[in-house]
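Engineer: Per the numbering used here, the sequence shown starts with residue 1, numbered consecutively.
Where is the CB? At the ideal position from N, CA and C, for every residue including glycine.
Provided herewith is a single structure, encoded as C-alpha cells, for subsequent inquiry.
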Amino acid sequence: MLIELTDLPIDVAAVLQAMQADGAGAVNTFIGTVRNQSTGRRVMRLHYEAYDAMALHQLRRVAEQAQERWPMLQKVAVVHRKGTLAIGDIAVVVAVATPHRAESFAACQFIIDTLKQVVPIWKKEEYEDGTVWVAAHP
C-alpha cells in the first residue's frame, strides 16, 4: 500500500510502477488535475491544506475499506499533493491493481469518492478577484 501526502509534484510513473503485481490483469488510475475554471469563474491556482496525521490515517483507512470490499485488490496507492498548485498540476493520484477490470474501476472510484468525503484535506480556489474554500463535493 502506497499512501502519501506531499508538497512535491506527484510522480505518476512511480505510482504506476508501485502497482506492478504478477496477478494483476488491470491497473486503474485516477489522476485529478487543477482546472482553469470552476462554477463559471476563472481559477488562477489552488491551495491544498491538510491535517497531515489525520489525513494519512484516513487515507489508509479508505484504502483498507476498499481492500475489505474488494478482497482481490492486490495493490493500492493514494498520493495527494498539498500546497499551491498551478493550472494543469496533478493534485491527486489513486491507483489500484486487481485481477480483473470491473473490480479495478469500482475500487478506484470508491477510493477517490470516499477520500473526498472523509479525509481532512481542504481546497481553496484562487480567482482573479478573490479566494473561496471549496466543499469536498461540488
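Under a three-way DSSP split, which group does glutamine 74 fall into?
Structural biologist: If DSSP states are grouped into helix, strand and coil, glutamine 74 belongs with coil.
Engineer: So, for aspartate 52: in the same chain, excluding its five sequence neighbours on each side, which residues have a beta-carbon less than 7 Å away from its beta-carbon?
Structural biologist: Excluding positions up to five away in sequence, the list reads Leu5.
Engineer: Could you pull the DSSP bridge partners for tyrosine 127 from this structure?
Structural biologist: DSSP, once it has assigned bridges, lists Val43, Gly130 as partnering tyrosine 127.
Engineer: Specify whether the region 94-109 and the region 39-46 touch according to this definition: at least 3 beta carbon pairs, one from each stretch, less than 8 Å apart.
Structural biologist: Cβ pair count under 8 Å is below three, so no.
Engineer: Helix, strand or coil: which one does DSSP assign to valine 119?
Structural biologist: Coil.
Engineer: With DSSP as the reference, please indicate the residues paired to asparagine 36 in a beta bridge.
Structural biologist: According to DSSP, asparagine 36 bridges with nothing at all.
Engineer: Per DSSP, which one or two residues make a beta bridge with glutamate 4?
Structural biologist: Bridge partners of glutamate 4: Val79.
Engineer: Is valine 34 closer than 7 Å to valine 93 when the C-beta atoms are compared?
Structural biologist: No, they are not a contact pair.
Engineer: Assuming alanine 26 and threonine 114 make a contact with CB atoms under 8 Å, what is their CB distance in whole Å?
Structural biologist: Not really, about 20 Å apart at Cβ, beyond 8 Å.
Engineer: Using the Cβ count rule (16 or more neighbours within 10 Å means buried), how would you classify methionine 1?
Structural biologist: Classification of methionine 1: exposed, given that the 10 Å Cβ count is below 16.
Engineer: Assuming alanine 24 contacts glutamine 67 under a Cβ cut-off of 8 Å, what Cβ separation, rounded to an integer in Å, is found between them?
Structural biologist: The pair is not a contact, with the Cβ atoms about 14 Å apart (cut-off 8 Å).
Engineer: Give me the Cα-Cα distance between isoleucine 31 and alanine 91, rounded to the nearest whole angstrom.
Structural biologist: The alpha-carbon atoms of isoleucine 31 and alanine 91 are separated by roughly 8 Å.
Engineer: By the three-class DSSP mapping on this structure, what secondary structure does isoleucine 10 have?
Structural biologist: Reduced to three states, the DSSP call for isoleucine 10 is coil.
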